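Number of protein chains: 4
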Amino acid sequence: MTGNSIGQRLVLTSFGESHGKCVGAVLDGCPAGLEIEEKDIQKMLDYRRPGQSQVSTQRKEEDKVEIISGVFRGYTTGAPIAMIIWNKDQNAKDYESLTTKMRPGHSDYPALVKYKKFNDYRGGGRFSGRLTATHVLGGAIARKLLKEVLGVDTNSYTLQIGKIKIKNQPTSNMIKSIYSNEVRCPDKNSAKLMKKAILDARKNGDSLGGIIESVTTNLPVGLGDPIFSSLESDLAKALYSIPSVKGVEFGSGFAGSESNGSKNNDLYTIKKGKIITKTNNSGGILGGLSNGMPIVLRVAFKPASSISKKQSTIDIKTKKPTWLKVGGRHDPCVVPRAPPVVDAFVSLVLADHALLSGFIKPVL
Amino acid sequence: MTGNSIGQRLVLTSFGESHGKCVGAVLDGCPAGLEIEEKDIQKMLDYRRPGQSQVSTQRKEEDKVEIISGVFRGYTTGAPIAMIIWNKDQNAKDYESLTTKMRPGHSDYPALVKYKKFNDYRGGGRFSGRLTATHVLGGAIARKLLKEVLGVDTNSYTLQIGKIKIKNQPTSNMIKSIYSNEVRCPDKNSAKLMKKAILDARKNGDSLGGIIESVTTNLPVGLGDPIFSSLESDLAKALYSIPSVKGVEFGSGFAGSESNGSKNNDLYTIKKGKIITKTNNSGGILGGLSNGMPIVLRVAFKPASSISKKQSTIDIKTKKPTWLKVGGRHDPCVVPRAPPVVDAFVSLVLADHALLSGFIKPVL
Amino acid sequence: MTGNSIGQRLVLTSFGESHGKCVGAVLDGCPAGLEIEEKDIQKMLDYRRPGQSQVSTQRKEEDKVEIISGVFRGYTTGAPIAMIIWNKDQNAKDYESLTTKMRPGHSDYPALVKYKKFNDYRGGGRFSGRLTATHVLGGAIARKLLKEVLGVDTNSYTLQIGKIKIKNQPTSNMIKSIYSNEVRCPDKNSAKLMKKAILDARKNGDSLGGIIESVTTNLPVGLGDPIFSSLESDLAKALYSIPSVKGVEFGSGFAGSESNGSKNNDLYTIKKGKIITKTNNSGGILGGLSNGMPIVLRVAFKPASSISKKQSTIDIKTKKPTWLKVGGRHDPCVVPRAPPVVDAFVSLVLADHALLSGFIKPVL
Amino acid sequence: MTGNSIGQRLVLTSFGESHGKCVGAVLDGCPAGLEIEEKDIQKMLDYRRPGQSQVSTQRKEEDKVEIISGVFRGYTTGAPIAMIIWNKDQNAKDYESLTTKMRPGHSDYPALVKYKKFNDYRGGGRFSGRLTATHVLGGAIARKLLKEVLGVDTNSYTLQIGKIKIKNQPTSNMIKSIYSNEVRCPDKNSAKLMKKAILDARKNGDSLGGIIESVTTNLPVGLGDPIFSSLESDLAKALYSIPSVKGVEFGSGFAGSESNGSKNNDLYTIKKGKIITKTNNSGGILGGLSNGMPIVLRVAFKPASSISKKQSTIDIKTKKPTWLKVGGRHDPCVVPRAPPVVDAFVSLVLADHALLSGFIKPVL
């Protein structure tokens, strides 16, 4: 595989560019017999769609998915499922001046060195956050597969925007309503503060980062393959393919490394005949395998690189310092649009491992 | 691949068990023409060898590597390089009582559910930290390859043990001497405090975690493949295969997500005719590609799970609560032995990408 | 990979169904900087297009390719190249009666057992020869890449139809004109006999098989990776994915196994300062590596399974014997449409190995 | 994977050289719970061992396998199974003169061009037929797995040596006794003629080729993944990694391409309530999937390249013509030693697909 495919038995191949004709994906290895239609995917796509609110980019894309193969009479056939979203509101002119001025924080410079003049620089081309739509295409199917066959629930939400941290640890009830606010934070009061922080940043021509938390419940014990296909390895690999992600941690994560073994170890007990742990500092993964507790992970996003503030940079042609104001339409903070993307990758990886470990069969 | 191999063009396959006959590795895809002998590998192995100091396990293993294929007249041939370390001081009896009592924080429980009675539980078997020796086998060769062909330097060191953080940001000079102290911390004063913290934890029958930082310099611009083979994706996948790792971040990482774009963006400038960035919050990676700045990443280790303190747990046979004191010989903190392992994985991943991107040829 | 992708660095992923919306492909790993436009692909597609002559199926498909990603301003960017052919003349009704009557020689029976009722049986669905169009999509690009960068020429032609064998060993001049006759045989007189044989078979409600020979010249010495990525291994794997292929041989092949080493060994000599062999019984491959001589291979196709003659079979519902006349529009012999498909796979495999061995760089 | 590993879920990695310290293999992905000991493997190794009879090389190797990981208390654990055979009778001196004189029919020339002076030329190094011992290591386990879990039987035997073809189509009874004669031909009378032909060739300083047939019974319907992981694709890929193989065909193969559809199609019928076909021209594979009939394939081996007759060649140093008599100890015909190797690859591929298709679970 050469960087555009991920997975072992459930393989997502992504294609398309931010300002090309389309973005799309091929999902191979999905078991035959899953009932699927476009609206199953559309719902998750809509949560990530641009142009929906004040906190996101003003690019208008209806992001309508079309399934063009692999589904027959409403069910998957076992053949690769190809899906396309035709780009509508691309505006490549915004990017003409960028061909020589390297945008700080973006892939412009290494991509130019690597791909030379052939790089499709328009809106970041292949490096654009827009490509995360293709991950949602596959992820929505994986998520439905996990839910239908194993009853697995995957949800993620905003835990922090800039310096604003969530006040109350979200309950499962709170999580159900995250799409009722624009920042996708389960704590409504925190959500308001977060929204204000984003709007303030936009007003200042600046941007913010933040942290997404993902929780997956009802997974059986024993998913994962030691050593290099540990759940943590495969989840981290997938999550780091999201642009702007600069940190991934599981369970107690970085904070846990300051603790003691006697505190951080999750002690076993029995509840209603089922073996569980009293705490979940491991984030549901031991030795790379699921242990039956919720998979809990957090993903750190850097502040969006595109800001309208003037920045100093280099003109690659003249090799001289210059100034740059990034035009185009951008997210002042990508975090509110990220939960469906995180859900997509968590679902893709877990569904792949459910297939690898035999929890889901190749034909339902 | 089924969990015991990693890499695309430079592929490490690990085998062996903690208390079996041996641990070993096959490194496939190493270019023909690299001068290599056992002592090149032994040096790095010795840095992670157990039984060396008060801060690590008392298991005595000389960990002597034997190259059994792939090297001819002192040079690699392009054929797979198989390497073996014969286990000497295994003591499987320590683990007999553990077959039914699930050790908190260990893989025991999910591994038993997954592999049933067939799991080799002795000392964690395939899940043991001892397997990181096999990663060093391949990593030492990858590191030499990067150094010889591209002049790349990879180093990692202890940044934090428990709550003790390093005082002074390490200089390249300080990094050179990290193996002069037992905790592998470049700041000698911090090292003393860290050592004391570990010995205190051991005395209390407890354990500590910590954080390793890795810095790689002199990498060319343009390593990495977007999207799913981004450097961050592949590095994180590799690093998460190390037991006890629960967090990985690049550049400004989790802290960066609290910042603003205008602060976190690394501005370009020119120094001695070379394009560089004034800061390095990206950790040397933009759009998944190396940008020529040092690759900087941090790895969080949870406190070692094996502690001699009494812990409550479940007996899997009786399905009743019970008590457990973990015997055997264990590290009160695995962090001081981790730098060569982190170096190994960083080197394996970067050498793989140097091959993929054409910076290193299949025959030197 | 799960059966719909092939290649290591140059990866073709195929999607679509015979009577679905479309067939298509994603080619990943093509170096940036190759000048490509739709007509480069269309030419090769046209050679395999149905409905062109008396010797092929009457299904009318214009098979017009559309490139939807990966090409920018006329050049490949290094991103995945997605290509689509929309199906026009599908007529699924022809196949309604086939859902329970298993067609002899087709995938119907094992596909039904494997995929149950979810299998897309229309026209063979995913198993149809129509899918070879998707291989030509990628193969045309690979072929151009090999030609442009290394000057490699790949051609294949009909060597035998039924019992009619080619009379004269084709010269390179003869090969140039193979598309001037309907059976794609470089020997015009043999071509006439072959055409007659096919038309006779059709008249009788029967079908024929045949043999394609492929010759590739100008390949550098040293492509291929021993052991499991030998050129023969990878070429055979690719060629066997073509429906109806039941034999693949290289150089002197099956006939060579009746010979002696002293006759079959190709002796080295020097011609114009270049090391060559006097004969080419090895088919240009020694030890799995190209040796600089032309790559010569032959592919045996079984007689087309769809015949209009009445055949006895089983009704899967009643589990009783029954009779069947295969309706629909079919090729009485698939061989004349196969040369571009064989060229496609030979090109894909050799281009992949040219990338793996460093003869072609990731960016041109 | 880089040429030394094969398989998707059951992955064999081969290492070692003909005249190095050892040859060995790592088999990854074997389900936990298979009872295995060295003698299970040794039996199959012994059938391939050199120095056993007049028809094979006089190199004496006891080829004793040692399992060094992955088996615990007599059962596989799910961990990689590493196995080693230490070389005993290597005699590298035989090859000193060969460093500049290119042996016709061998990999010497392309390997020298590709790997330069780093190639391990001793006895063919990595290209030697000796490496097929490593395939038997993994294949013996795969074969036992298929037998134990699914009752599958795989056998192969000599069908032809030089121009001597087997007289009588072998029955299953005849197949049971193939190891009672030195050429492994189930027809005793043919076997005598074949042996004489080999001894005659040796006497003349020459060599012979031949054909192996493989028959696998009792496979369930539905193994295989269309398109690129068709059973034919994966079997051919594996079989072509055996040195000297120049042809692979399934069922009626090349002969079938001279037939008519009405004759070559296998008609369905019912026997004892089971759907079978009256003939088996498909070799048990339709659409790349097993159809429940025996898998039948044939493998063509070229005459052994090492002959003691004087041959003209080129001295690579002087770039001048020269003469060569290949010394060392060689097989006048490799075919009699090939059946266990063919069995090994057929078993590895089918077991891999049995895992992929869910017929064998990851833990027994």
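Residue numbers (this note's numbering), protein chains in the order written: chain A, 1 to 364; chain B, 1 to 364; chain C, 1 to 364; chain D, 1 to 364.
Note that the Cβ used here is the ideal one computed from N, Cα and C, for glycine as well.
Since we're looking at a predicted model, the values are computed, not measured.
Along the length of the region 178-234 of chain C, whole beta strand (DSSP E) runs at least 3 residues long occupy 210-217, reported in chain order. Going by DSSP, Y240 (chain C) is part of no alpha helix (DSSP H) at all; its letter is neither H nor E. Annotation: Cβ neighbours of P362 (chain B) in chain C (cutoff 7 Å, chain order): S357, G358.
Nearest C-alpha to S347 (chain A) among A:L364, A:G33, A:M44: A:M44. When 7 Å is used as the limit between beta carbons, E17 (chain D) is near these residues of chain B: S69, A79, in chain order. Between D28 (chain C) and T132 (chain A), the gap from beta carbon to beta carbon reaches 7 Å or more. When 8 Å is used as the limit between beta carbons, K21 (chain C) is near these residues of chain A: I68, S69, in chain order. DSSP links D315 (chain B) through a beta bridge to B:K101, B:K320. K195 (chain B) has a beta carbon lying at 7 Å or more from every beta carbon in chain A. With the criterion set as a beta carbon lying under 7 Å from some beta carbon of chain D, the members of the region 118-136 of chain C are R126, F127, L131, in sequence order.
Taking P332 (chain D) as the centre and dropping the five residues before and after it, the same chain places the C-beta of I198, A201, R202, S207 closer than 6 Å to its C-beta, in chain order. At the C-beta level, F301 (chain D) and G210 (chain D) come within 7 Å of one another. The three-state reading of DSSP puts I41 (chain D) in helix, counting H, G and I together. From the beta-carbon of K116 (chain A), the residues of chain C found nearer than 8 Å are A32, G33, V363. Going by DSSP, N264 (chain C) is part of the alpha helix (DSSP H) stretching over 261-264.
Remark: three or more beta-carbon pairs, one from each stretch, lie closer than 8 Å, so the region 112-131 of chain C and the region 61-81 of chain A are flagged as touching.
In this structure, S230 (chain C) places its C-beta atom within 7 Å of the C-beta atom of S241 (chain D). Collapsing the DSSP output to three states places R9 (chain D) in coil. In the three-state scheme derived from DSSP, where H, G and I count as helix and E and B as strand, S347 (chain A) is classed as helix.
Contiguous alpha helix (DSSP H) elements confined to the region 129-173 of chain B occur at 132-150, taking only those with 4 or more residues. Residues of chain C with a Cβ closer than 8 Å to the Cβ of N280 (chain D) do not exist, since the nearest Cβ in that chain sits about 12 Å away.
By a beta-carbon distance limit of 8 Å, R329 (chain C) contacts T57 (chain C). Their separation comes to about 5 Å. Annotated as distal: H19 (chain C) and S305 (chain C), with beta-carbon spacing of 7 Å or more. In this chain, the alpha helix (DSSP H) harbouring L112 (chain A) covers 108-115.
Under the 8 Å Cβ criterion, the region 33-42 of chain C does not count as touching the region 5-13 of chain D, having fewer than three qualifying pairs.
In this structure, the beta-carbon distance from R49 (chain D) to D63 (chain D) falls below 7 Å. Taking a Cβ-Cβ threshold of 7 Å, the residues of chain B close to T313 (chain A) are L267, Y268, in chain order. Residue pairing of K274 (chain A) in beta bridges, as defined by DSSP: A:K271. Between G256 (chain D) and K246 (chain C), the gap from beta carbon to beta carbon is short of 7 Å.
With respect to chain B, the C-beta atom of D234 (chain D) has no partner C-beta closer than 7 Å. Taking C-beta separations shorter than 8 Å and ignoring five residues to either side along the sequence, the partners of K320 (chain D) in its chain run I314, following chain order. Excluding its 5 nearest sequence neighbours in each direction, K325 (chain D) has C-beta neighbours in its own chain below 7 Å: S308, K310, listed in chain order.
Pairing M83 (chain D) with V65 (chain D) gives a Cβ-Cβ distance under 7 Å.
No Cβ of chain A is located within less than 7 Å of the beta carbon of D40 (chain C). A direct Cα-to-Cα measurement between G138 (chain B) and K21 (chain A) gives close to 43 Å. Contact check for T13 (chain A) against T77 (chain C) fails: the beta carbons are separated by 7 Å or more.
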